[in-house]
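If you read the protein sequences in the order shown, they are chains C and V. Residues 1 to 412 in the numbering used here are what the first sequence spells out, letter by letter. Residues 1 to 404 in the numbering used here are what the second sequence spells out, letter by letter. Working notes, structure below.
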Amino acid sequence: MGDGALGHLRICDFTGQLAGAGATKFLAAFGAEVIRIEDPVTGGRWDILRGAPPFKDERRGPEFGSGYNNHNVNKLGITLNLRTERGKELLAELVRRSDAVTENFAAGVLERWGFGFERLRELRPDIVYVSNCGFGQVGPYGRFKSWGPIAQAVSGLTFASGLPGRAPAGWGYSYMDHTGGYYMAMAILAALFWRARTGEGQWVDLSCTEAGAALHGPALLDADVNGRPMRRAGSPHSNRNAWPAMAPHGVYPTAGDDDWVAISVVDDEAWAAFAAFVGQDWATEARWAERSARLAGQDELDVRVAAWTAGHDRFALAEALRSRGIAAAPVQRPAERIDGDRSTAAWGLWPTVVHDAIGSVRVDGLPVHLSETDWVIDRGAPLLGQHNEEVYGELLGLSTAEIGALHQNGVI
Amino acid sequence: MTHTTPGGPLQGIVVVELAAELTAYTGKLLVDLGASVTLVEPAEGSPLRRYEPFLGDRPDPDRSLWWWHYQASKSSVTADLDTADGVARLQQLLAGADVVVEAERPGSLARRGIDETALRAANPRLLWVSISSHGAADPRSQQPSTDLTVLAEAGPVWSCGYDDHALPPVRGGGGQAGNVAAHYAVMSLLVALLAREERGHGQRIDVNAYAAANVTTEFASYTWLVAGETVQRQTGRHAAPRPTLPTQVEAADGRWVNTGPPRRGADFVALAEWLGQLGVADEFDEFVLLQMGAELEHIGMDQMEADDLVGEIFAAGRAAMFFLAGKLSAYDLFVGLQERGMPAGIIYSPDEVAADPHFVARGWVRPVEHPELGRPVGYAGAPITFPATPARPLRPAPRLSDRQ
Numbered sequence: 001m002g003d004g005a006l007g008h009l010r011i012c013d014f015t016g017q018l019a020g021a022g023a024t025k026f027l028a029a030f031g032a033e034v035i036r037i038e039d040p041v042t043g044g045r046w047d048i049l050r051g052a053p054p055f056k057d058e059r060r061g062p063e064f065g066s067g068y069n070n071h072n073v074n075k076l077g078i079t080l081n082l083r084t085e086r087g088k089e090l091l092a093e094l095v096r097r098s099d100a101v102t103e104n105f106a107a108g109v110l111e112r113w114g115f116g117f118e119r120l121r122e123l124r125p126d127i128v129y130v131s132n133c134g135f136g137q138v139g140p141y142g143r144f145k146s147w148g149p150i151a152q153a154v155s156g157l158t159f160a161s162g163l164p165g166r167a168p169a170g171w172g173y174s175y176m177d178h179t180g181g182y183y184m185a186m187a188i189l190a191a192l193f194w195r196a197r198t199g200e201g202q203w204v205d206l207s208c209t210e211a212g213a214a215l216h217g218p219a220l221l222d223a224d225v226n227g228r229p230m231r232r233a234g235s236p237h238s239n240r241n242a243w244p245a246m247a248p249h250g251v252y253p254t255a256g257d258d259d260w261v262a263i264s265v266v267d268d269e270a271w272a273a274f275a276a277f278v279g280q281d282w283a284t285e286a287r288w289a290e291r292s293a294r295l296a297g298q299d300e301l302d303v304r305v306a307a308w309t310a311g312h313d314r315f316a317l318a319e320a321l322r323s324r325g326i327a328a329a330p331v332q333r334p335a336e337r338i339d340g341d342r343s344t345a346a347w348g349l350w351p352t353v354v355h356d357a358i359g360s361v362r363v364d365g366l367p368v369h370l371s372e373t374d375w376v377i378d379r380g381a382p383l384l385g386q387h388n389e390e391v392y393g394e395l396l397g398l399s400t401a402e403i404g405a406l407h408q409n410g411v412i
Numbered sequence: 001m002t003h004t005t006p007g008g009p010l011q012g013i014v015v016v017e018l019a020a021e022l023t024a025y026t027g028k029l030l031v032d033l034g035a036s037v038t039l040v041e042p043a044e045g046s047p048l049r050r051y052e053p054f055l056g057d058r059p060d061p062d063r064s065l066w067w068w069h070y071q072a073s074k075s076s077v078t079a080d081l082d083t084a085d086g087v088a089r090l091q092q093l094l095a096g097a098d099v100v101v102e103a104e105r106p107g108s109l110a111r112r113g114i115d116e117t118a119l120r121a122a123n124p125r126l127l128w129v130s131i132s133s134h135g136a137a138d139p140r141s142q143q144p145s146t147d148l149t150v151l152a153e154a155g156p157v158w159s160c161g162y163d164d165h166a167l168p169p170v171r172g173g174g175g176q177a178g179n180v181a182a183h184y185a186v187m188s189l190l191v192a193l194l195a196r197e198e199r200g201h202g203q204r205i206d207v208n209a210y211a212a213a214n215v216t217t218e219f220a221s222y223t224w225l226v227a228g229e230t231v232q233r234q235t236g237r238h239a240a241p242r243p244t245l246p247t248q249v250e251a252a253d254g255r256w257v258n259t260g261p262p263r264r265g266a267d268f269v270a271l272a273e274w275l276g277q278l279g280v281a282d283e284f285d286e287f288v289l290l291q292m293g294a295e296l297e298h299i300g301m302d303q304m305e306a307d308d309l310v311g312e313i314f315a316a317g318r319a320a321m322f323f324l325a326g327k328l329s330a331y332d333l334f335v336g337l338q339e340r341g342m343p344a345g346i347i348y349s350p351d352e353v354a355a356d357p358h359f360v361a362r363g364w365v366r367p368v369e370h371p372e373l374g375r376p377v378g379y380a381g382a383p384i385t386f387p388a389t390p391a392r393p394l395r396p397a398p399r400l401s402d403r404q
């Protein structure tokens, strides 16, 4: 096995999309040997990202989806047809040699293939099995379908993102696919840590919706002890801040087309600095000096602040405010935070990998650095069945002729 | 039967947390995983105790519901790190700890005589988790920032909001910049704990909240990285380089539902039958397109681009869901679509989740006894449950008034 913090671990990986593949990407970046298993009959298409946009150029098809590449870097890829008896035997051999089995199918899929937790434990007594689905496998919605936007809706995240008196704005991307993947990675790693100390495996049944609902804890308590639900007049107003309360606090227009700046005046001291910098009569009125007055009058304040910011360049304004101790930032477009802000490249946040079909392409890196065992992302995602020879040959000990026969018989 | 050991997979791991907004959720997740977490706060109490909302709206260091949620089951010790005594107290705590989690401004601990190198030399197994707004080396970590400013700068705000771009883009609520940083802090700490089992010694982990939000923007980032295109925000659905059809619909009871796309012939059959059962098929103008959709096996995105009729059938499937929304409550639309095999989600407020039958059946809410209320309070459930190592019940957050 390989180098890295997790170089001693092998993951038998059925994950796909982002909610699952994102989890094992994190493990692979720290050196775990992640063997991603795909179905040769459907060409791996159960993961819709295989053939989905965006594309680097005019080429299309299951080897060209760049989301798939982004979420599956550093992994090995094999094909295996679990409709065949030989395919099931090969999976059993792979499970015997793996530390964890991971999947984010709909509830019950692995069980129907004959690889529920009890069977996995027969094959490998200390196996860690992590399943990840939208609603968890147990409960009235156990069979319900989900992906990021659905988990966000049911968990409260969508509702809590918006302006008062309007439809929920929600999240303009699959925040809960990312986050479901983060919790799945935690589940795998924590269960492996328990196994490292005790020798015991376990099955962790992760529910993305439940994990998402845990992200709004104070709202639950406010509803329970104060009888104040989030669904009420004027609520939510998620550009404002209630925990802790501060004003002004919002996203304000600046010079330019669809250009905005975020400003948070966190306390009375910051307000004094802000008012002095603005220098206009409305800002220096004594009545705004205290936070309670600013909170009570924040509708009026927001109109004033927006009129003032409207003439400014958002980058220069944010810089000027920051240098005076006031929290502020431009609302950045992707190009501005990826190519315009050199700190992200300096961090190594956009590593370049070579994908054998797509070519050279940048992907998301990791926002952490470990002083002794840092991550490395240096290989593109696997092509369909790219590592069949390596895994079936070197790991399972099959001869070239046997592997050829598996191909011919539609097993791999 | 599976052998079970109560206490969570990190039981026995000792964590010292220097109380800060950016450490709170990391510490909480470690509690949920079974670690023992001790908060370090000054004698007058952490400023976080003054975060709203308060029990009965009465500001008090023991009545902050924000504090209750994030600090439940942690213990607390007093150490003023601006004094020699406080520094000595912290050094003593760290000598026996597995993990320290801190989000002090980079360099400020050293200026107060807290020498990370020496502490790690004295306790080589110590894992030092340092969370900052922009990473330890970036000058912006020395400047003030908030959840809003980090999410604005890092991309999430650009992607969220409304079709109408005269309205400002929107920050998703709930303190998610801190949450995303916490997720990466815990994932990385778990890697370092596993590495420590193999190698025997600890290390330093630098967590960058701005970078974490940057790589938690899905399509927005890789559409730029790969195709050089910029996504534009849309109401209640993915920001995209070109406009897409709405997916979010208001139901007859004024609540909203997020719907998935009709993809399979069976979806069109089910929608047509449902309209019939409700006796409203005649009111739906595109009914014939639903019947044509029933003949298709599967609708792919590439087919819609290639064949206008397929695109019309797809739009009719969406329209049928929106038409049904006008006849049904949000809950009935959500469950009705799901029971017919189509993904959909009711848009709950966070507190409404707790009362949903599925979450109730799973026992998600955690009751915590609160003597000051004389009744248990419902706390958010743990994000992950480990059957072999179930979590212990939560205890209320440490109270300032219990101090000697």
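Here a beta-carbon is modelled for each residue, glycine too, at the ideal position from N, C-alpha and C.
Item, Value
"Identified DSSP bridge partners for L18 (chain V)", "V:V40"
"Distance CB(A52 (chain C))-CB(F30 (chain C)) smaller than 7 Å", "no"
"Meets three-Cβ-pair contact criterion under 8 Å: the segment 354 to 361 of chain C and the segment 305 to 325 of chain C", "no"
"Contacts of N74 (chain C) in chain V (Cβ-Cβ under 9 Å)", "Near N74 (chain C) there are no residues of chain V at all, since even the closest Cβ is about 14 Å away, more than 9 Å."
"Reference A195 (chain V); option with closest CA among V:S108, V:L309, V:T216 and V:R125", "V:R125"
"Within-7 Å CB hit, H298 (chain V) to chain C", "no"
"D356 (chain C) - DSSP class collapsed to helix/strand/coil", "coil"
"Limits of the alpha helix (DSSP H) - the one that D268 (chain C) falls within", "D268 to V278"
"Three or more C-beta pairs below 8 Å linking the segment 214 to 232 of chain C and the segment 346 to 353 of chain V", "yes"
"Pair within 7 Å by beta-carbon distance, S76 (chain V) and V31 (chain V)", "no"
"Contiguous alpha helix (DSSP H) assignments of at least 4 residues, all confined to the segment 132 to 210 of chain C", "148 to 155 and 175 to 198"
"Cross-chain neighbours of Y331 (chain V) in chain C, by beta carbon under 8 Å", "The contacting residues do not exist; Y331 (chain V) stays about 11 Å from chain C at best."
"Best match in C:M176, C:D13, C:W46 and C:G156 for proximity to W256 (chain V) [C-alpha to C-alpha]", "C:G156"
"CB of V405 (chain V) within 7 Å of CB of A79 (chain V), strictly", "In the structure displayed, chain V extends from 1 to 404; residue 405 (chain V) sits before or after that span and is not available."
"Local Cβ density within 10 Å of Q92 (chain V), reported as buried at 16 or more and exposed below that", "exposed"
"Cβ neighbour criterion (16 or more within 10 Å) applied to C208 (chain C)", "buried"
"Selected residue, minimal CA-CA separation from S238 (chain C), among C:G116, C:S161, C:F55 and C:A196", "C:S161"
"Backbone CA spacing between A177 (chain V) and G276 (chain V) [nearest angstrom]", "47 Å"
"Neighbour list for I326 (chain C) in chain V, Cβ cutoff strictly below 8 Å", "P144"
"Pair within 7 Å by beta-carbon distance, K145 (chain C) and P246 (chain V)", "no"
"Limits of the alpha helix (DSSP H) - the one that Q203 (chain V) falls within", "Counting along the chain, Q203 (chain V) falls outside any alpha helix (DSSP H), and DSSP gives it neither H nor E."
"Minimum Cβ-Cβ distance from A242 (chain C) to chain V less than 7 Å", "yes"
"Exposure label - T179 (chain C); buried when at least 16 CB within 10 Å", "buried"
"6 Å Cβ shell around F386 (chain V) - same chain, five flanking residues per side excluded", "P9"
"Which of helix, strand or coil DSSP assigns to R233 (chain V)", "strand"
"Beta-ladder partner(s) of G13 (chain C), from DSSP", "In the sequence under discussion, the amino acid at residue 13 (chain C) is Asp, which differs from the Gly named in the question. In the DSSP output, where bridge partners are listed per residue, D13 (chain C) has C:R36 and C:T102."
"Residue-chain proximity (H178 (chain C), chain V), Cβ-Cβ < 7 Å", "yes"
"Coil, strand or helix - S75 (chain V) by DSSP", "strand"
"CB-CB length for I326 (chain C) against V265 (chain C), believed under 8 Å", "6 Å"
"Reference G228 (chain V); option with closest CA among C:E85, C:I377, C:S371 and C:P334", "C:P334"
"CB-CB length for V128 (chain C) against I35 (chain C), believed under 8 Å", "That pair is no contact at about 15 Å."
"Rounded C-alpha distance that separates A320 (chain V) from D332 (chain V)", "15 Å"
"Proximal residues of chain V, C-beta to C-beta of I338 (chain C) below 9 Å", "G155, N214, S221, W224 and L225"
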